[in-house]
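Beneath this line is the structure, given in structure tokens, with notes to follow.
Protein chains: 2
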Amino acid sequence: MPAIDGDRLLRDLYAVREIGKFKTGVHRPTFSPQDIEARHWLAGKLAEAKLDTSIDGIGNVYGRDPTPGRKLLMGSHMETQNHAGWLDGVMGVIFGLEVARTLGRGIDVATWADEEGHFGSFIGSRSFCGLLTEQEMDVCSNRETGVSLRDALRQAGFSGRPREKIDRGRYRGYLEAHIEQGADLEDHHLRIGIVTAIVGSHRFRIHFEGQQNHAGTTRMAVRRDAGVALVKLVAAIEAQFPAVAGPLTVWTTGDIKLDPGAASIVPGGAELVFQFRETDPEILEALDLLLQALIAEANKGPCAVTVAYHSTTAPSAMDQGFQSALTAAAQRHAPGLHQPMPSGAGHDAQILSQMLPSAMLFVPSIGGISHHWTENTRDEDIVLGCQVFADAAEAILARG
Amino acid sequence: MPAIDGDRLLRDLYAVREIGKFKTGVHRPTFSPQDIEARHWLAGKLAEAKLDTSIDGIGNVYGRDPTPGRKLLMGSHMETQNHAGWLDGVMGVIFGLEVARTLGRGIDVATWADEEGHFGSFIGSRSFCGLLTEQEMDVCSNRETGVSLRDALRQAGFSGRPREKIDRGRYRGYLEAHIEQGADLEDHHLRIGIVTAIVGSHRFRIHFEGQQNHAGTTRMAVRRDAGVALVKLVAAIEAQFPAVAGPLTVWTTGDIKLDPGAASIVPGGAELVFQFRETDPEILEALDLLLQALIAEANKGPCAVTVAYHSTTAPSAMDQGFQSALTAAAQRHAPGLHQPMPSGAGHDAQILSQMLPSAMLFVPSIGGISHHWTENTRDEDIVLGCQVFADAAEAILARG
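Going line by line, the protein sequences match chains F and X. Per the working numbering: the first sequence = residues 5 to 404. Per the working numbering: the second sequence = residues 5 to 404.
Take a look at the structure:
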């Protein structure tokens with residue numbers, strides 16, 4: 005069994021936490037000076053580990069094993085949400101680095117740009133997989149500052165470089181480690197999660213058109229209150245989704261807006277943002293049908309209910325063989341303290357899994373906290389996770 | 005019977021519509037240059053009608069009958085909501101002017117400043133009734149521009165003037181005419197409404213405190229979703245208010261906000277703005293108790309539900325004798341085409357009724373439209389309304 009160097013691993017994680025440090029977390033948005041510094045820092049580390057190192061035209065950082073033979077690709081992301089956690093993303097990258105150092109060969113390491121979506125949707129991993137067009141790059145811009153992706157890449161010094169593309173023949177598959185971002189492992193006193201699938205999600209913006217009126221002089225019987233119509237649909241979702249959902253399905257009304265949104269005006273318009281996530285395609289479809297039925301029912305009321313926006317991502321099943329290797333390694337180092345589980349959050353692995361057999365390993369998040377500077381994982385869980393990761397990688401490579 | 009001059013009445017209304025004209029409506033916010041011009045225009049008209057004319061330190065315009073004997077006070081407001089209707093307010097003022105001209109004596113006319121609430125709540129009529137302190141004036145400011153009431157009065161040239169106070173012995177009572185601002189008269193093919201009472205209103209801001217979480221990784225069973233708690237309370241209100249409400253009670257959830265209001269975040273906070281209006285104090289109290297019970301029930305769920313703000317105004321009953329005089333006059337000029345009805349909107353009469361016997365007359369609003377530049381009333385309904393108003397005033401004054 006390959007023994008990782010836990011102290012070295014933690015030293016690297018502590019070092020990269022200093023780049024954009026915010027309280028006990030990190031503020032390192034995509035292509036911020038801190039993010040660019042972190043990419044160059046990683047490139048230095050990869051080169052130290054005797055990997056062929058490059059940063060490409062989308063800002064992905066690669067470390068390639070120069071020895072012959074098929075490789076296992078390991079990666080995650082380094083940028084963070086604003087004022088967010090110190091491990092979300094970069095832990096998986098440093099796991100890759102540490103496994104590469106430990107095994108000595110067979111591992112390529114990658115950092116995918118902008119998994120956190122400051123400029124777009126998985127632009128780094130999609131670029132590598134040939135799923136990002138130049139046209140899409142032309143229209144991407146920073147959601148907060150409005151700076152275009154092209155300008156941001158230029159300022160970072162990455163524009164003009166080629167964008168590296170996947171060589172599927174080179175790879176045995178893809179492995180990604182990540183913090184859980186939920187509390188399920190902690191709640192069950194477990195230390196390792198082996199991801200069965202990354203959920204598919206269906207996202208909706210639903211619009212309600214009624215009639216704006218004076219809230220004092222408009223009798224109830226003649227109102228077409230868009231806010232009330234919205235509330236009734238959400239209440240119906242809450243009442244009826246549980247019967248169709250699976251045990252791990254999640255659904256969320258994340259935002260509600262009333263128009264004009266004034267105390268003494270009957271809302272003439274209303275809009276909600278709704279999503280549900282699930283790994284089972286059949287359940288996703290059943291929920292879709294239920295939602296359509298509830299919207300049709302709502303349309304029998306006094307307001308017009310329309311789906312203004314609808315997007316779906318399919319669930320991504322993780323490779324069974326890779327899951328077995330991760331489970332065997334987890335059982336060796338933490339017997340009985342691991343479980344199979346879905347990933348409710350999106351990850352670059354959902355993109356890579358379209359091209360390569362892929363799998364993910366989770367370590368516990370203390371209190372389930374994510375996307376906040378208080379996010380944390382116990383050092384011993386980090387070290388254990390990396391050891392399991394290394395064992396599984398060796399086993400997968402040994403199978404050839 | 006005194007015959008009003010309908011052409012003269014309409015000419016004056018058309019003339020004042022030119023001051024701040026916006027499309028077919030008017031944009032004349034309180035103490036805007038257009039509003040100030042309109043006040044001076046009215047003062048000229050009142051003086052022409054041989055009334056003692058003044059503008060006081062809050063911007064109220066008065067025309068006082070210099071002859072002996074008790075008077076009937078007539079008034080309304082001249083400023084408008086932004087880009088709003090041409091009749092909302094000023095029609096009642098010009099009715100007063102026309103009745104004063106027609107009867108020749110016994111009528112005082114007043115324009116109350118800022119009924120529309122650009123700076124405060126009924127500051128003009130409350131000033132006249134001795135219900136507005138200097139301290140409150142110090143803190144009033146324009147809701148949109150932030151300009152203080154003191155500065156606005158200074159720029160208008162009204163500051164430093166005394167604020168006129170009511171002499172209750174002078175008045176037999178107060179009469180106000182207004183557009184309905186709803187469609188009830190039109191829907192029932194009626195031409196005159198005699199107001200029985202101005203509704204009382206109870207207003208609430210209700211806050212929901214849950215826990216913010218990742219919408220992908222937080223299982224349904226452990227969520228404390230403030231948005232869902234809010235939706236359930238509003239749904240419960242919609243389900244249970246009808247059983248307790250009177251036939252004319254209205255209730256409105258005018259605004260909803262989720263915090264942070266993002267697609268993939270379980271809302272940790274939520275807030276709604278809710279109000280109900282009714283003329284019967286017993287129904288108002290029963291609705292208050294029902295709402296408290298629903299909030300208590302909501303508090304048994306996973307989120308903390310608190311009333312962050314609560315204000316009430318009591319219903320204002322209109323004088324029975326004045327209502328009879330208005331009804332008799334309406335029956336004379338429009339037999340069978342009038343009805344008693346509550347006012348769902350607030351009016352200066354609710355302030356004056358605390359000091360004097362008061363009553364209100366409504367004319368129909370085409371399509372029930374209010375607070376919009378398309379607000380309108382048929383010329384013949386305006387003229388009819390003023391004639392009924394004049395007859396009733398003469399009858400009330402004749403009773404002594």
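We treat Cβ as the ideally placed atom computed from N, Cα and C, and that holds for glycine. In this text the structure is predicted, and so the values were computed from the model without any measurement.
### Query
Taking the C-alpha atoms as reference points, what is the distance between X:PHE99 and X:PRO166?
About 26 Å.
### Message
Within a Cβ cutoff of 8 Å, which residues of the same chain sit near F:MET82, ignoring the five residues on either side of it in sequence?
### Response
Correct list, in chain order: VAL20, ARG32, ASP39, ALA42, ARG43, LEU46, VAL65, GLY93, VAL94, VAL97, THR115.
### Task
Have a look at X:ASP60 and X:PHE162 and give me their C-alpha separation to the nearest angstrom.
C-alpha of X:ASP60 to C-alpha of X:PHE162: approximately 7 Å in a straight line.
### Spatial distance of F:ILE355 from X:ASN303 (CA atoms)
Linking F:ILE355 to X:ASN303 through their CA atoms gives a straight-line distance of about 43 Å.
### Query
How long is the line joining the alpha carbons of X:ASP323 and X:ALA363, rounded to whole angstroms?
Note on geometry: alpha-carbon atoms of X:ASP323 and X:ALA363 lie some 6 Å from one another.
### Within chain X, partners of F:MET224 - CB distance below 7 Å
Against chain X, a Cβ distance below 7 Å from F:MET224 picks out VAL254.
### Task
Closer than 9 Å by beta-carbon distance: list the chain F residues that pair up with X:THR451, in chain order.
Lying outside 5 to 404, the shown extent of chain X, residue 451 of chain X is not represented and no answer is given.
### Task
May I ask you to list, following chain order, the residues of the region 255-275 of chain X that have a beta carbon less than 9 Å from some beta carbon of chain F?
Residues TRP255, THR256, THR257, GLY258, ASP259, ILE260, LYS261, LEU262, PRO264, GLY265, ALA266, ALA267, SER268, ILE269, VAL270, PRO271, ALA274.
### Query
Under a CB-based cut-off of 8 Å, is F:HIS342 close to chain X?
Among the CB atoms of chain X, none fall inside 8 Å of the CB of F:HIS342.
### One or two residues paired with X:HIS81 in a DSSP bridge
Paired residue(s): none; X:HIS81 is not in a bridge.
### Query
Is the Cβ-Cβ distance between X:PHE393 and X:LEU179 less than 8 Å?
Taking 8 Å as the cut-off, the Cβ atoms of X:PHE393 and X:LEU179 count as close.
### Among X:ASP395, X:LEU262, X:PRO246, X:LYS261, the one whose alpha carbon lies nearest that of X:TRP255
Put simply, of X:ASP395, X:LEU262, X:PRO246, X:LYS261 the residue whose alpha carbon is nearest the alpha carbon of X:TRP255 is X:PRO246.
### Query
Taking a cut of 7 Å between CB atoms, which residues from the region 307-322 of chain F lie near chain X?
Those would be none; no residue qualifies.
### Bridge-paired residues (DSSP) for F:GLU282
Beta-bridge partners assigned by DSSP to F:GLU282: F:GLY204.
### Message
Within 8 Å of any Cβ in chain F, is that where the Cβ of X:GLY231 sits?
### Response
At least one beta carbon of chain F lies nearer than 8 Å to the beta carbon of X:GLY231.
### Message
Please list, in chain order, the chain F residues whose beta carbon lies closer than 9 Å to that of X:HIS193.
### Response
None at all; the shortest Cβ gap to chain F is about 15 Å.
### Message
Let me see if you follow: with CB-CB separation under 8 Å, is X:VAL143 close to chain F or not?
### Response
Residue contact check for X:VAL143 against chain F: no CB pair falls below 8 Å.
### Task
Quick one: measure Cβ to Cβ for F:HIS250 and F:ILE287, integer angstroms, because I've assumed they're closer than 8 Å.
Reading off the sequence, residue 250 of chain F comes out as Gly, not His. The pair is a contact, with the Cβ atoms about 5 Å apart (cut-off 8 Å).
### Task
Identify which residue in F:PRO271, F:LEU189, F:ALA104, F:ASP16 has its Cα closest to the Cα of F:GLN343.
Nearest to F:GLN343 by C-alpha distance, out of F:PRO271, F:LEU189, F:ALA104, F:ASP16, is F:LEU189.
### Message
Can you check which of these residues, X:ALA187, X:ALA332, X:LEU14, is closest to X:PRO346 by C-alpha distance?
### Response
If we check each option's Cα against that of X:PRO346, X:ALA187 comes out closest.
### Message
Need the endpoints of the beta strand (DSSP E) that X:ASP191 sits in, please.
### Response
The continuous stretches of beta strand (DSSP E) do not include X:ASP191, which lies in the alpha helix (DSSP H) extending over residues 188-191.
### Query
Is there contact between the region 364-376 of chain X and the region 168-182 of chain X, where contact requires at least three CB pairs shorter than 8 Å?
The region 364-376 of chain X is in contact with the region 168-182 of chain X.
### Task
Taking X:HIS31 as the query, report the chain F residues whose CB atoms sit under 7 Å from its CB, ordered along the chain.
Here the premise fails: no neighbours, minimum Cβ distance about 17 Å.
### Message
From the DSSP secondary-structure annotation, give me the bridge partner or partners of F:PRO344.
### Response
Answer is F:ILE198.
### Message
Based on DSSP bridge pairs, tell me the residues matched to F:ILE373.
### Response
Bridge partners of F:ILE373: none, in fact.
### Task
Pick out whichever of F:TRP90, F:LEU101, F:GLY89, F:ASN86 has its Cα sitting closest to the Cα of F:ASP69.
F:ASP69 has its Cα closest to that of F:LEU101, out of F:TRP90, F:LEU101, F:GLY89, F:ASN86.
### Query
So what's X:LEU401 in DSSP terms, helix, strand or just coil?
When secondary structure is reduced to three states using DSSP, X:LEU401 falls in the helix class.
### Message
Given this structure, state the Cα-to-Cα distance separating X:PHE278 from X:VAL238, to the nearest angstrom.
### Response
Roughly 9 Å between the two C-alpha positions.
### Task
For the alpha helix (DSSP H) containing X:PHE132, list its first residue and its last residue.
Secondary structure note for X:PHE132: its alpha helix (DSSP H) is the uninterrupted segment 127-132.
### Message
Nearest by alpha-carbon distance to F:THR283: which of F:ILE269, F:ILE202, F:THR106, F:ALA338 is it?
### Response
Minimum Cα-Cα distance from F:THR283 among the listed residues F:ILE269, F:ILE202, F:THR106, F:ALA338 corresponds to F:ILE202.
### Task
State yes or no: is the C-beta of F:THR253 within less than 8 Å of the C-beta of F:LEU276?
No. Outside cutoff.
### Three-state secondary structure assigned by DSSP to X:GLU180
X:GLU180 carries a strand assignment under DSSP once its states are collapsed to helix, strand and coil.
### Inter-residue CB distance, X:LEU360 and X:GLY177 (contact presumed, cutoff 8 Å)
About 5 Å; that satisfies the 8 Å criterion.
### Query
Taking only beta-carbon atoms, is X:GLU282 less than 8 Å away from chain F?
By this cut-off, X:GLU282 is not an interface position.
### Task
Using the Cα positions of X:HIS314 and F:PHE35, report the straight-line distance between them to the nearest angstrom.
Their backbone Cα atoms lie some 47 Å apart in a straight line.
### Task
Spell out the partners DSSP gives F:THR115 in its beta bridges.
F:THR115 pairs with F:VAL65, F:SER80.
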